[in-house]
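>
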Amino acid sequence: MIDINQIADWTEYLGATFEEVSPCTVTPAQLEAYVQVSGDANAIHQGDEAIIPGNLLVSLVPHFVQQHLNLDDTIIGMTVGYDKVRFKAPVKLDEQLFFKAEITQVRLHKDAAYVAYQVMCERAGQMVMSLEMRDHYAQKKTAV
1 MIDINQIADW TEYLGATFEE VSPCTVTPAQ LEAYVQVSGD ANAIHQGDEA IIPGNLLVSL
61 VPHFVQQHLN LDDTIIGMTV GYDKVRFKAP VKLDEQLFFK AEITQVRLHK DAAYVAYQVM
121 CERAGQMVMS LEMRDHYAQK KTAV
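Following UniProt numbering, the numbering of the sequence shown begins with 1 at its first residue and continues without gaps.
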């Protein structure tokens with residue numbers, strides 16, 4: 001668990017790695033909800049052999065990271081970008097996915113930290129997606 005009580009604590013975790021212990025799956029109901037919201041009517045995302053949309057896989061990453069963070073109540077965080085998103089193999093419904101991440105960069109600025117993660121998603125030991133994610137964490141402003 002990454003324990004952050006104050007912004008400066010991020011520097012202690014540069015190079016830290018964490019991974020999913022329990023598999024993540026995309027169910028038919030989740031896929032249907034995503035397709036309806038996104039309007040993605042591509043035939044490859046339909047039926048029993050549907051391929052999961054890449055953007056749906058990407059959308060699972062922040063939740064995975066947040067499960068491994070213990071942020072003090074005075075700290076807020078948000079994802080500010082993705083780079084080098086690569087889809088290496090198709091993913092189908094109900095396949096077991098495992099995420100892994102490494103904190104590759106921490107940059108402190110005033111009461112904030114910019115944190116970069118290298119994230120990989122695997123299925124049965126085969127990488128299916130990789131990306132770099134950047135988050136911004138800051139101290140909540142107190143009312144005057």
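Glycine residues also receive a C-beta, built at the ideal position from the N, C-alpha and C atoms.
Give the range of the beta strand (DSSP E) segment to which residue 154 is assigned.
The structure shown does not extend to residue 154, since the chain spans only 1 to 144, so no value can be given for it.
> What separation, rounded to the nearest whole angstrom, lies between the Cα atoms of T142 and D40?
One-based indexing of the sequence shown puts residue 142 at position 142. One-based indexing of the sequence shown puts residue 40 at position 40. Rounded to whole angstroms, T142 to D40 spans 42 Å at the Cα level.
> Measure the alpha-carbon distance for T25 versus T11 and round it to whole angstroms.
By 1-based counting over the sequence shown, the position of residue 25 is 25. By 1-based counting over the sequence shown, the position of residue 11 is 11. If I take the Cα positions, the gap works out to 32 Å.
> Within 10 Å of its beta-carbon, does P53 have 16 or more other beta-carbons around it, so buried, or fewer, so exposed?
Here residue 53 refers to the residue found at position 53 of the sequence shown. P53 comes out buried.
> From this set, F87, K100 and I2, which residue's C-alpha is nearest L57's C-alpha?
Position 57 of the sequence shown holds residue 57. For the residues F87, K100 and I2, the minimum Cα distance to L57 belongs to F87.
> Count the other C-beta atoms from every protein chain shown that fall within 10 angstroms of the C-beta of V37, then say buried if there are 16 or more, exposed otherwise.
For the purposes of this step, residue 37 is taken as residue 37 along the sequence shown, with counting starting at 1. With fewer than 16 other Cβ atoms within 10 Å, it is exposed.
> Which residues in the same chain have their Cβ closer than 7 Å to the Cβ of P23, if we skip the five residues on either side of it in sequence?
What you label residue 23 is simply residue 23 of the sequence shown in a count that begins at 1. Cβ neighbours of P23 beyond the five flanking positions: Q96, L97 and F98.
> By Cβ distance, which residues of its chain are closer than 7 Å to P62, with the 5 residues on each side in sequence left out?
Translated into positions along the sequence shown, residue 62 becomes position 62. Cβ within range, chain order: T79.
> Suppose only complete runs of 3+ residues qualify. What are the beta strand (DSSP E) ranges in the stretch 72-97, listed by chain order?
With a minimum length of 3 residues, the continuous beta strand (DSSP E) runs that stay inside the stretch 72-97 are 75-87.
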